[in-house]
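Residue numbers (the UniProt record's numbering): 1 to 434.
Quick look at the structure:
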């Protein structure tokens, strides 16, 4: 293994939002890039890009879901870098994306806001938007993550079987989009420092050496939307898609926004009718969650929060913030990134725990490779998305991070929830704002 190996986890203060960057030697990974306060995330993106090597290359970008406080800095990031090998996005059915657009668009003033226009275009058809605007930046593929059974390493092939009767092909979004896409939920990074490999879809940075090298980073993805859910939706989605095509008339940019605003009432009625029929579900259910197992034994893992410059913390309402911390003597360091997923929902929580093969501490006879060491709490610490059951899967030294810089940045409600914070205090867990 290379002596200069670096294992860093960077969390950038962006107000209410999330921007996470990770560095594993020469492999650079980003998870989410957005904020309610867009100027803040754009400023932090510029600082992050300055830390990249001369080629200004990012290997993987993960987008958890399509709320603006998780994605509106992606455009700035893609403009500033020279290349990204892979963009991972969750499979989000068209009705769910239309629902978020209806909440985003309120009046005709948005026709004068170029940022909102490009955000609408991306949410409406993410694959086509990336193809038309950033195909020169995306080097390999956009990977769409859908919940499905993993195949063993010796089985090969896609982790989604076409034999199960679902109309999904390599385009992945069967209702729109044309950018070459794959379906996957696992990435393995080996100790050459030059290779990413997915047992279902090969993800190569350079040719792998002969034989099977030692795996040092294992990244697994989870999206609650699964095969069975989509099979139930498929018939209703086709009808809904036809109506949306009629309404939008193939428009893009400002004209697409205009059509969505003009037909807002009709579109809401279409969505409500479909939701009664097939139960589209909560938008946050489709967050792309990522579990990273860092298997580097020799060096410490460095976790750092990059604060906003010239920010005066409000007195009395903010919790103490961790600036930087190193983890030593951890043979396996596990990080869980959760977007806005609803972990209070028992069905979703159990599905996530099962998919990531997480086990409770009480069931262990020795130190487990499945303990969580670094946990980004979903939905900015919202009470409605959190369950204390998750603490059973956390190491006693685990740090829990709330994706909000200060409570005064919260757009709606109380982030992070005082109830969530008090429960963590009772159980003596360390936590911090980002």
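Here a beta-carbon is modelled for each residue, glycine too, at the ideal position from N, C-alpha and C.
Contact under 9 angstroms by Cβ, residue i with residue j
{"i": "residue 376", "j": "residue 20", "result": "yes"}
{"i": "residue 438", "j": "residue 294", "result": "Any property of residue 438 remains undetermined from this structure, which presents the chain solely from 1 to 434."}
{"i": "residue 301", "j": "residue 373", "result": "yes"}
{"i": "residue 218", "j": "residue 322", "result": "no"}
{"i": "residue 434", "j": "residue 11", "result": "yes"}
{"i": "residue 249", "j": "residue 259", "result": "yes"}
{"i": "residue 92", "j": "residue 225", "result": "yes"}
{"i": "residue 333", "j": "residue 391", "result": "no"}
{"i": "residue 111", "j": "residue 290", "result": "no"}
{"i": "residue 222", "j": "residue 356", "result": "yes"}
{"i": "residue 46", "j": "residue 252", "result": "no"}
{"i": "residue 268", "j": "residue 102", "result": "yes"}
{"i": "residue 89", "j": "residue 142", "result": "yes"}
{"i": "residue 402", "j": "residue 432", "result": "yes"}
{"i": "residue 134", "j": "residue 78", "result": "yes"}
{"i": "residue 326", "j": "residue 385", "result": "no"}
{"i": "residue 306", "j": "residue 13", "result": "yes"}
{"i": "residue 382", "j": "residue 417", "result": "yes"}
{"i": "residue 95", "j": "residue 274", "result": "yes"}
{"i": "residue 339", "j": "residue 18", "result": "yes"}
{"i": "residue 388", "j": "residue 427", "result": "yes"}
{"i": "residue 104", "j": "residue 119", "result": "yes"}
Range covered by the alpha helix (DSSP H) that runs through residue i
{"i": "residue 42", "result": "38–51"}
{"i": "residue 354", "result": "346–355"}
{"i": "residue 253", "result": "253–262"}
{"i": "residue 31", "result": "Unbroken run through residue 31 is the beta strand (DSSP E), 27–35; no alpha helix (DSSP H)."}
{"i": "residue 58", "result": "Where residue 58 is concerned, there is no enclosing alpha helix (DSSP H), although the beta strand (DSSP E) it sits in stretches over 57–62."}
{"i": "residue 99", "result": "94–104"}
{"i": "residue 421", "result": "418–426"}
{"i": "residue 134", "result": "126–134"}
Near the ligand MG: residue i beta-carbon under 8 angstroms from a heavy atom
{"i": "residue 22", "result": "This structure does not include the ligand MG; it has no bound ligands of any sort."}
Burial state of residue i (16 or more Cβ within 10 Å)
{"i": "residue 177", "result": "Reliability of the predicted coordinates at residue 177 is poor, the pLDDT of 38 falling under 50, and no value is obtained from them."}
{"i": "residue 169", "result": "A caution first: residue 169 carries a pLDDT of 36, below 50, which makes its placement in the model unreliable, though a value can still be read off. Residue 169 comes out exposed."}
{"i": "residue 286", "result": "buried"}
{"i": "residue 201", "result": "At residue 201 the pLDDT is 41, less than 50, meaning the model places this residue with poor confidence and gives no usable figure here."}
{"i": "residue 162", "result": "Per-residue confidence for residue 162 stands at a pLDDT of 30, beneath the threshold of 50, marking its modelled position as unreliable; the derived number appears in the next sentence. Classification for residue 162: exposed."}
{"i": "residue 400", "result": "buried"}
{"i": "residue 324", "result": "exposed"}
{"i": "residue 272", "result": "exposed"}
{"i": "residue 97", "result": "buried"}
{"i": "residue 38", "result": "buried"}
{"i": "residue 132", "result": "exposed"}
{"i": "residue 15", "result": "buried"}
{"i": "residue 419", "result": "exposed"}
{"i": "residue 408", "result": "exposed"}
{"i": "residue 328", "result": "exposed"}
{"i": "residue 371", "result": "buried"}
{"i": "residue 29", "result": "buried"}
{"i": "residue 136", "result": "exposed"}
{"i": "residue 7", "result": "buried"}
{"i": "residue 76", "result": "buried"}
{"i": "residue 25", "result": "buried"}
Continuous beta strand (DSSP E) stretch holding residue i: start and end
{"i": "residue 22", "result": "17–24"}
{"i": "residue 85", "result": "83–90"}
{"i": "residue 80", "result": "It is not in any beta strand (DSSP E) - residue 80 instead sits in the alpha helix (DSSP H) that spans 74–80."}
{"i": "residue 71", "result": "Not the beta strand (DSSP E): residue 71 falls in the alpha helix (DSSP H), residues 68–71."}
{"i": "residue 322", "result": "Note, residue 322: premise wrong, no beta strand (DSSP E); not H, not E."}
{"i": "residue 10", "result": "7–12"}
{"i": "residue 293", "result": "288–294"}
{"i": "residue 335", "result": "333–337"}
{"i": "residue 137", "result": "Run containing residue 137: none; DSSP gives neither H nor E here."}
{"i": "residue 301", "result": "301–306"}
{"i": "residue 450", "result": "No information on residue 450 is available, as it lies outside the stretch 1 to 434 that the chain covers here."}
{"i": "residue 373", "result": "372–376"}
{"i": "residue 430", "result": "430–433"}
(message) Measuring CB atoms only, is the stretch 25–43 touching the stretch 63–70, in the sense that at least three cross pairs come out at less than 8 angstroms?
(response) yes
(message) Any contact between the stretch 71–78 and the stretch 113–130? By contact I mean 3 or more CB pairs, one from each, below 8 angstroms.
(response) yes
(message) Does the contact criterion of 3 or more C-beta pairs under 8 angstroms hold for the stretch 82–96 versus the stretch 42–61?
(response) yes
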